[in-house]
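Numbering (UniProt numbering), first residue to last: 1 to 288.
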């Protein structure tokens, strides 16, 4: 183990449902989503250094290498500037999650980097001091900073903890197509907005979770499926599998997911999809 090395898991974020409830005058949309986090994700590590630097490895590294405007660097520089930090950091990202996939990879990476840098730089920071930085980085960054099950509303800044009182197993599937969030939202400009809702503080069992998700769904799924029909195919394939409780798309896509009654069922469908479509990214996960 390298001395002074700090490592954090940037957990995959899954929107189990997603309602678009309005649009502000500045163009930002208002959302309503039950957000959960998996036991798998990217890995962020930091070491002391005079300057801020970023190295990227992992199965999806090539899609980010050379991209100078990386959200991790933005987060580190914003944190350093706001709190007048004179130190730097050598940051390493192990990129395990697909890029632009609707499971919060970049947002989770930024949040994990902030957590790691706060510890590395020994900052006595309270969460409220970070609000401006988090929202400036992206709507998903505040919930990824919490990295626990939340009812997320507003632009992503309003978070209410939710407890799920039973184990939840998912299979995540990404067909290797990137989806432009702006294109998805442009496609629904003439659609009516959904009504905000109230969620219980505790979800007691599988049937209650199914009821919540079936009532909401994902308002962006239709537009995403029109742009990339493979999304519809994946969701239909997951829904048709044994022991599937719910299937949908996370965020603006293209990652889709199925919720299953057991870990065995989630692993079984993952194996089936891997065999049928070996070029896709498929991962069975458990909610943390």
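All C-beta atoms, glycine included, are put in the ideal place defined by N, C-alpha and C.
Just so you know, these numbers come straight off a predicted model, no measurement behind them.
- DSSP places residue 15 in the uninterrupted beta strand (DSSP E) bounded by 6-15.
- With a cutoff of 7 angstroms on beta-carbon distance, residue 258 and residue 171 are scored as near each other.
- Nearest neighbour of residue 234 by Cα position, chosen from 282, 205, 208, 261, turns out to be 282.
- Inter-residue distance for residue 264 and residue 26 is about 46 angstroms (C-alpha atoms, whole angstroms).
- Only buried fits residue 237, as 16 or more other CB atoms lie within 10 angstroms of its CB.
- For residue 268, no beta strand (DSSP E) run applies; the uninterrupted alpha helix (DSSP H) run containing it begins and ends at 263-276, by DSSP.
- In the DSSP assignment, residue 284 falls within the beta strand (DSSP E) that extends over 281-286.
- Nearest to residue 272 by C-alpha distance, out of 241, 129, 262, 246, is 241.
- Annotated as proximal: residue 250 and residue 103, with beta-carbon spacing under 7 angstroms.
- Per DSSP, the beta bridge partners of residue 48 are 89.
- Inter-segment contact for the stretch 186-195 and the stretch 18-37 is present: three or more beta-carbon pairs are separated by less than 8 angstroms.
- Our two residues, residue 83 and residue 205, have alpha carbons roughly 44 angstroms apart in a direct line.
- By the criterion of a C-beta distance shorter than 6 angstroms, residue 287 is surrounded in its chain by 36, 168, once the five residues flanking it on both sides are discounted.
- The three-state reading of DSSP puts residue 123 in coil, since its state is none of H, G, I, E or B.
- In chain order, 88, 89, 90 place their CB closer than 6 angstroms to the CB of residue 49, counting only its own chain and leaving out the 5 sequence neighbours on each side.
- Excluding its 5 nearest sequence neighbours in each direction, residue 153 has C-beta neighbours in its own chain below 6 angstroms: 32, listed in chain order.
- In the same chain as residue 270, and ignoring 5 residues on each side of it, the C-beta atoms closer than 6 angstroms to its own belong to 171, 282, 284, in chain order.
- Counting only residues of its own chain and dropping the five nearest sequence neighbours on each side, residue 230 has a CB closer than 7 angstroms to the CB of 175, 177.
- Residues of the same chain with a CB within less than 8 angstroms of the CB of residue 136, apart from the 5 flanking positions on each side, are 78 in chain order.
- For residue 53, the beta-bridge partners assigned by DSSP are 90.
- Of the residues 52, 221, 61, 161, the one whose Cα lies closest to the Cα of residue 73 is 52.
- Here the alpha carbons of residue 266 and residue 276 stand approximately 16 angstroms from one another.
- With 16 or more other Cβ atoms from the protein chains shown falling within 10 Å of its own Cβ, residue 255 counts as buried.
- Assignment of residue 22 by DSSP, reduced to helix, strand and coil, places it in the strand class.
- For residue 100, the three-state secondary structure derived from DSSP is coil.
- Comparing C-alpha distances from residue 86 to each of 117, 98, 211 shows the shortest one belongs to 117.
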